[in-house]
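Engineer: The UniProt record's numbering puts the first residue of the sequence shown at 1, with every later residue one more than the last.
Ideal Cβ placement from N, Cα and C applies to all residues, glycine included.
Keep in mind the model is a prediction, meaning the values are calculated, not measured.
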Amino acid sequence: MAKDLVIVESPAKAKTISKFLGKNYEVKASVGHIRDLPKSKLGIDIDNNFEPQYITIRGKGPLIKELKSEAKKAKRIFLATDPDREGEAISWHLSNILELDETQKNRIEFHEITKNAIQNAIKKPRAINKSLVDAQQARRVLDRLVGYKISPLLWKKVRKGLSAGRVQSVATKLICDREKEIENFIPKEYWSIDAILMKNKSEFRANFYGIKNGEDDEKIELNTKEQVDEIISSIKDEKYIVEEIKKGKKNRNPHPPFTTSSLQQEASRRIGFSTKKTMMIAQQLYEGVDIKGEGTVGLVSYIRTDSTRISEEATNSVNEFIKSEFGESYLKSPNRNKPTNKKEAQDAHEAIRPTSVLRTPAMVKESLKKDQYKLYQLIWERFVASQMESALYETLSVKINVNNHIFRATGSKIVFDGFLKIYNTAENEKDVILPDIKVGEVLELSSLDPQQHFTQPPSRYTEASLVKTLEELGIGRPSTYAPTISTIISRGYVIIEKRSFKPTELGIIVTELLKEYFAGIVNEEFTAEMEEQLDKIEEENIDWKKVIEYFYKDFSKELEIAEKEISKIEIQDEETDIKCDKCGRNMVIKIGRYGKFLACPGYPECKNTKPITEEIGVKCPECGGEIIERKSKRGRKFYGCSNYPDCTFVSWDKPSQERCPKCNNILVEKKSRKGTEKKCLNDKCDYVSKEKDE
């Protein structure tokens with residue numbers, strides 16, 4: 001008996017869906033795209049209205065043969081790729097390869113991989129959405145034109161292996177611009193004065209605000225020590241009189257459930273995941289994990305979304321859960337903030353949420369890997385908290401007059417924890433309790449605490465702040481941020497120092513070159529405008545080739561000028577005092593696929609290279625040699641003995657000079673959000689010490 005054929009992208013997704021559909025369905029995976037533009041050439045016929053020249057991806061021939069064979073036997077064919085532009089394009093390519101009628105209703109769409117979602121989707125097939133396909137084609141063609149036209153120019157004029165891109169070049173420029181701001185920053189002096197006051201042996205701080213000017217309080221900026229000395233001289237022998245007390249209440253609202261971008265940002269801040277790692281693990285949770293007692297099941301809804309909306313069914317389910325677990329008082333007020341979506345949000349997608357709120361993190365912990373559990377817990381808690389009541393604080397503001405100089409003290413106390421019961425983003429937040437004070441009271445001065453400060457330069461971008469900035473500027477899409485960040489790191493345009501991005505000399509040179517000759521490519525406003533045009537292809541069904549033509553008209557002129565005017569740029573390698581042990585020359589630092597390394601400048605006559613090693617001041621516990629910091633082929637930092645290969649000591653965690661008080665083995669440092677933890681390297685010893693980071 002003929003079966004229905006369902007085609008998805010990944011084998012993991014196929015495995016999960018097979019379980020829900022049963023024996024009358026054959027589920028196969030295309031393993032991503034089956035057709036694409038060729039890698040060896042541009043693959044776009046510019047003279048023929050930018051017609052893309054798709055080819056079968058190398059190595060996919062046997063898979064396509066198998067899919068065609070299954071399609072011939074099938075009673076019906078369903079294309080069940082992801083519910084976004086990329087997924088629609090994959091279905092369109094599959095439709096072409098399998099010679100299906102484009103108008104035929106064989107495309108099914110679901111936003112979570114659960115039994116109900118899959119079975120409901122099978123009942124509602126639709127035709128392929130050509131507007132979605134065209135939106136994806138336009139992006140692919142535009143990115144190919146930028147990458148394949150500018151990159152060879154960079155190879156010729158700067159260095160082989162470089163690349164430019166519509167989003168990656170703007171991301172690199174943002175990092176370079178921020179570095180320039182930091183370098184040009186001039187600190188400015190400013191001061192503060194705190195009065196440490198007493199009431200019934202209870203001590204609290206009040207901050208200097210300004211002076212009394214008639215009925216009003218005038219804020220004073222303290223810029224010099226002379227100002228501070230003058231104020232202290234005016235108030236040192238005066239009374240601190242309570243002039244005004246204001247009591248109030250304030251709400252702290254929970255954040256909405258995650259979008260792709262907010263998940264990437266929060267996973268970076270709270271659990272230290274890179275954007276790449278976040279998306280990889282989120283994909284695993286979406287496609288399905290083997291849960292004890294249930295089998296393979298998708299744990300979260302679709303992970304590429306701009307929307308904070310959640311379905312009525314999910315809302316009702318989480319409301320019942322909150323009432324059951326915490327009580328009705330913790331349920332969100334009906335009139336509290338409704339989800340707002342940007343105009344470009346694909347509102348057919350819900351926010352990222354658990355497929356079942358009843359599947360608590362504790363229930364699935366045993367079935368998940370450590371990192372899967374961390375991310376699932378974050379998604380589950382954020383979702384549940386988003387539907388809980390706001391936290392309520394009582395606030396107290398006290399104004400104190402000292403010879404017409406105004407000091408202010410504020411206190412707050414949480415009176416209802418609301419959503420903070422399960423999701424607190426300010427874990428170190430504490431109540432600030434002021435003593436019982438009345439208007440007209442004279443407070444006792446314990447001491448005055450004047451402090452000098454200097455303004456600080458802007459911070460370098462972290463992964464979280466770069467993603468946030470790209471989204472705010474409307475550049476790229478959240479699903480592209482992870483590969484974009486990976487690319488600018490692998491190309492050597494930026495490095496990561498203390499979890500922040502710092503541009504390399506190469507990154508600065510390439511960015512300056514692009515700014516001079518391809519202003520539109522690295523201009524934030526122009527790039528955001530192009531993003532809007534690309535969205536209109538989907539939303540307003542405009543001709544995608546017209547959008548490409550509009551871009552290419554000026555871009556082709558810039559290319560001609562750049563080819564003629566850019567002279568060869570030589571980047572001098574940094575020379576070291578380390579001698580080449582083969583020819584005696586001073587070795588230089590070069591940047592390769594896996595980061596920096598030492599190379600002999602006599603290449604190609606002398607091809608000697610060495611890894612760059614850094615001693616950490618700790619002796620090897622096995623042979624007494626120096627422990628050095630090294631990098632694996634994938635760029636991951638580890639620590640090994642300088643006497644390798646004679647000594648094979650190795651550790652992923654940084655060894656310390658301290659010894660274990662229990663077994664005298666070496667202690668290694670493990671970083672966490674709560675501080676540094678030192679553990680014994682001996683697996684059989686359970687010694688752990690903790691110390692807070694300063």
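1) Please check the pair ALA494 and GLY507, which I expect to be a contact at CB under 8 angstroms, by giving their CB distance rounded to whole angstroms.
2) Take GLN283 and list the residues in its own chain whose beta-carbon comes closer than 7 angstroms to its own, dropping the five residues that flank it on each side.
3) Can you tell me whether ASN168 is buried or exposed? The criterion is at least 16 other CB atoms within 10 Å of its CB, across all chains shown.
4) Would you tell me roughly how many angstroms separate the C-alpha atoms of LYS188 and LEU222, rounded to the nearest one?
5) For a test of the three-state rule: what should DSSP assign to MET1, helix, strand or coil?
6) Restricting to Cα atoms, I'd like to know which of THR278, PRO11, LEU67 and LYS679 is closest to VAL668.
7) Looking at GLN53: is its Cβ nearer than 8 angstroms to the Cβ of GLY61?
8) Have a look at PRO256 and LYS157 and give me their C-alpha separation to the nearest angstrom.
9) Starting from the Cα of GLU512, find the closest Cα among ILE46, ILE569 and ALA206 and give me that residue.
10) Out of LEU21, GLU109, PHE501 and GLN119, point me to the one whose CA is closest to GLU463's CA.
11) Name, in chain order, the residues that DSSP records as bridge partners for ASP290.
12) For HIS405, which beta-bridge partners are listed by DSSP?
13) Apart from the five residues on each side of it in sequence, which residues of its chain come closer than 8 angstroms, Cβ to Cβ, to PRO11?
14) Does the Cβ of ASP84 have 16 or more other Cβ atoms within 10 Å, making it buried, or fewer, making it exposed?
15) If you follow the beta strand (DSSP E) that LYS250 is in, where does it begin and where does it stop?
16) Measuring alpha carbon to alpha carbon, tell me which of ASN586, LYS590, GLU531 and ASP449 ends up nearest PHE208.
17) Could you name the residues that DSSP lists as bridge partners for ARG107?
18) How far does the beta strand (DSSP E) with LYS619 in it reach, from first residue to last?
19) So what does DSSP say about ILE150, is it helix, strand or coil?
20) Quick check on GLU109: buried or exposed, where buried means 16 or more other Cβ atoms within 10 Å of its Cβ?
21) Which parts of the stretch 146-202 are runs of the beta strand (DSSP E), unbroken and 3 residues or longer, counting only runs that do not cross its ends?
22) Pick out whichever of TRP380, PHE526, GLU565 and SER567 has its Cα sitting closest to the Cα of LEU473.
23) Give a single yes or no on whether PHE555 has its beta carbon closer than 7 angstroms to a heavy atom of the ligand ATP.
24) If you follow the alpha helix (DSSP H) that GLY507 is part of, which residue opens it and which one closes it?
25) For CYS641, count the other beta carbons within 10 Å of its own beta carbon; 16 or more makes it buried, fewer makes it exposed. Which is it?
26) Sorted by chain position, which residues of the same chain lie with C-beta nearer than 8 angstroms to ALA121's C-beta, five sequence neighbours on each side aside?
27) Whole angstroms is fine: what's the gap from ILE566's alpha carbon to GLU558's?
28) To the nearest angstrom, how far is it from the Cα of THR16 to the Cα of PHE321?
29) Could you check the C-alpha separation between PHE597 and THR278 for me, to the nearest Å?
30) Put PHE36 into one of helix, strand or coil per three-state DSSP.
31) If residue 708 sits next to CYS647, beta carbons under 8 angstroms apart, how far is it from one beta carbon to the other, in whole angstroms?
32) When DSSP labels each residue in this structure, what does VAL133 get in the three-state scheme?
33) In three-state terms, what does DSSP make of THR425?
34) Would you check if the distance between the CB atom of ILE64 and the CB atom of ILE97 is smaller than 8 angstroms?
35) Which of helix, strand or coil does DSSP assign to TYR481?
36) Who are the near neighbours of ALA14 in its chain, counting only those whose CB is closer than 7 angstroms to its CB and skipping five residues on each side?
Structural biologist: According to the data block:
1) For this step, residue 494 is matched to residue 494 along the sequence shown. For this step, residue 507 is matched to residue 507 along the sequence shown. Note that residue 494 corresponds to Val in the displayed sequence, not to Ala. Correct: roughly 5 angstroms between the Cβ atoms.
2) The residue labelled residue 283 in the question sits at position 283 within the sequence shown. The residues are ILE303.
3) Position 168 of the sequence shown, counting from 1, holds the residue named residue 168. Note that residue 168 is Gln in the sequence shown here, rather than Asn. Counting Cβ neighbours within 10 Å, GLN168 comes out buried, since at least 16 surround it.
4) Position 188 of the sequence shown, counting from 1, holds the residue named residue 188. Position 222 of the sequence shown, counting from 1, holds the residue named residue 222. Taking the straight line joining both Cα atoms gives about 11 angstroms.
5) One-based indexing of the sequence shown puts residue 1 at position 1. Of the three classes helix, strand and coil, the one that applies to MET1 here is coil, per DSSP.
6) Within the sequence shown, the letter at position 668 stands for residue 668. Looking at the Cα atoms, LYS679 is the closest of the given residues.
7) To locate residue 53, count along the sequence shown from 1; it is residue 53. To locate residue 61, count along the sequence shown from 1; it is residue 61. Not a contact, by the Cβ cut-off of 8 angstroms.
8) Looking up residue 256 in the sequence shown gives position 256. Looking up residue 157 in the sequence shown gives position 157. Roughly 48 angstroms between the two C-alpha positions.
9) To locate residue 512, count along the sequence shown from 1; it is residue 512. Minimum Cα distance to GLU512 is reached at ILE569.
10) In the sequence shown, counting from the first residue as 1, residue 463 sits at position 463. Checking every option, the nearest Cα to that of GLU463 belongs to PHE501.
11) For the purposes of this step, residue 290 is taken as the residue at position 290 of the sequence shown. According to DSSP, ASP290 bridges with THR296.
12) The sequence position of residue 405 within the sequence shown is 405, counting from 1. Its beta-bridge partners are ILE211 and VAL402.
13) Here residue 11 is taken as the residue at index 11 of the sequence shown, counted from 1. The residues are ALA29 and VAL31.
14) Residue 84 sits at position 84 when you count from the first residue of the sequence shown. Buried: at least 16 other Cβ atoms inside 10 Å.
15) Here residue 250 is taken as the residue at index 250 of the sequence shown, counted from 1. Here the beta strand (DSSP E) through LYS250 covers 240-252.
16) Mapped onto the sequence shown, residue 208 falls at position 208. Here the closest residue by C-alpha is ASP449.
17) On the sequence shown, residue 107 is found 107 positions in, with the first residue counted as 1. Per DSSP, LEU79 and ARG126.
18) Position 619 of the sequence shown holds residue 619. 614-619 is the span of the beta strand (DSSP E), which, as asked, contains LYS619.
19) As a working note, residue 150 is residue 150 in the sequence shown. If DSSP states are grouped into helix, strand and coil, ILE150 belongs with the helices.
20) Here residue 109 refers to the residue found at position 109 when the sequence shown is read from its first residue. Flag for GLU109 reads buried.
21) 189-199
22) Along the sequence shown, one-based indexing puts residue 473 at 473. Nearest option by C-alpha distance: PHE526.
23) As presented, the structure is devoid of all ligands, the ligand ATP included, so that no description of it is given.
24) Taking the first residue of the sequence shown as position 1, residue 507 is located at position 507. First-last of the alpha helix (DSSP H) with GLY507: 505-517.
25) Reading the sequence shown from its first residue, position 641 is the one you call residue 641. Buried: at least 16 other Cβ atoms inside 10 Å.
26) Mapped onto the sequence shown, residue 121 falls at position 121. Here the set comprises ALA80, ILE108, GLU109 and PHE110.
27) The sequence position of residue 566 within the sequence shown is 566, counting from 1. The sequence position of residue 558 within the sequence shown is 558, counting from 1. Each residue's alpha carbon lies about 11 angstroms from the other.
28) Within the sequence shown, the letter at position 16 stands for residue 16. Within the sequence shown, the letter at position 321 stands for residue 321. Rounded to whole angstroms, THR16 to PHE321 spans 26 angstroms at the Cα level.
29) Residue mapping note: residue 597 aligns to position 597 of the sequence shown, counting from 1. Residue mapping note: residue 278 aligns to position 278 of the sequence shown, counting from 1. So the two alpha carbons sit approximately 29 angstroms from each other.
30) In the sequence shown, residue 36 corresponds to position 36, counting from 1. Just to set this straight, residue 36 is Asp in the shown sequence, not Phe. Note: ASP36 maps to strand in three-state DSSP.
31) Any answer about residue 708 is impossible in this case: the structure gives the chain only from 1 up to 694.
32) Here residue 133 refers to the residue found at position 133 when the sequence shown is read from its first residue. Helix at VAL133.
33) Taking the sequence shown and counting its residues from 1, the one referred to as residue 425 is at position 425. DSSP places THR425 in coil when its eight states are reduced to three.
34) In the sequence shown, counting from the first residue as 1, residue 64 sits at position 64. In the sequence shown, counting from the first residue as 1, residue 97 sits at position 97. For ILE64 and ILE97, yes; Cβs fall inside 8 angstroms.
35) Counted from its first residue, the sequence shown places residue 481 at position 481. DSSP places TYR481 in helix when its eight states are reduced to three.
36) Locating residue 14 in the sequence shown gives position 14, where the first residue counts as 1. Closer than 7 angstroms at Cβ, skipping near neighbours: VAL8, VAL27, LYS28 and ALA29.
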